[in-house]
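Worksheet: the structure to be examined is printed underneath.
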Amino acid sequence: MRRLSWKQWVLASLALVFAWEAWAQPACERYELLMPKRGSQITDRHPELHWNGDVNSSYRLQVAVILPEGRVLESVDTVVAGTKWQLGAPVSVVTAVFKVLVSRNCPALSIQDLNAQGPYFIVQSTDQCALKSRSVGQKGKALEWTSPSNADKFVVQIFSVTQATDGTVLTRRVNSYEVAGASWTFPEELNTEIQRGTQTMSSWIASVQARCGALTSLPQAVKLNAVEFRRNLSHLGQ
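Sequential numbering from 7 applies to the sequence shown in my numbering.
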């Protein structure tokens, strides 16, 4: 039998050690949620996550709460004892996508692995703080809308939309206003600016959102009627 050299013996020993460590390393395990179900749509903005597994074990939980436009609202990477977990506070928006990974012995899983997942479930709670469909309208130099019963304030935003000579559409937010009731009178300086904008072929858009505590509704928008502003300014000049 051929005898191994010292270098060969060391390399063979290291190979055996690495093989043993790989064999002894616990396998990576991933777990499905029992609740909410994969692909479900729920209205609860403070969902409790449950997964299959041993309640006496600990699990790595990775969660991303994502807004419809793709921005990450909240990201969690933590170790949980047991098989359930809940966000520290309700989601502060009416619509959000949850991406979830529950695992054991999977240190290689990264934020990129979480982001690569499809939506696990969706929170859709628009009915909890929603303006009535198409309820926002202009009446003279004021906006009016139908208020949700639990709304405590509203946000009105004014935008100008102008088409450049090369066809590019430019949108600019003129201002944002916080409103207590279900109607709002345009400030006189805004009347003047909108009237000035109509002379440069700008259009004007108003959007309204309700706020119910920490929850903000989806915006409803209406195109403002410049004729009403011309009437208002003519009246002011008399």
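A virtual CB, placed ideally from N, CA and C, is assigned to each residue, including glycine.
| query | Would Q226 be called buried (16 or more neighbouring beta carbons within 10 Å of its own) or exposed? | reply | Burial call: buried.
| task | Spell out the partners DSSP gives L137 in its beta bridges. | result | According to DSSP, L137 bridges with nothing at all.
| query | Is it buried or exposed for S223, if we count other Cβ within 10 angstroms and need 16 for buried? | reply | Counting Cβ neighbours within 10 Å, S223 comes out buried, since at least 16 surround it.
| Local conformation of L73 per DSSP, three classes | In the structure shown, the three-state DSSP call for L73 is coil.
| request: Answer yes or no: do R217 and K159 have a C-beta to C-beta separation smaller than 8 Å? | output: Yes; because the gap between Cβ atoms is below 8 Å, this pair is in contact.
| field | Classification of Q47 by the beta-carbon crowding that lies within 10 angstroms, buried from 16 upward | value | The residue is exposed, with fewer than 16 neighbouring Cβ atoms inside 10 Å.
| When we look at the beta-carbon of Q68 and count the other beta-carbons within 10 Å, is it buried (16 or more) or exposed? | Buried, since its Cβ has 16 or more Cβ neighbours within 10 Å.
| request: Using 10 angstroms around the beta-carbon of S11, count the other beta-carbons present and answer buried if the total reaches 16, otherwise exposed. | output: Exposed is the label assigned to S11, since fewer than 16 other Cβ atoms lie within 10 Å of its Cβ.
| message | So V167 and V175 are supposed to be a Cβ contact under 8 Å. How far apart are they, rounded? | response | About 6 Å separates the two Cβ atoms, so the contact holds.
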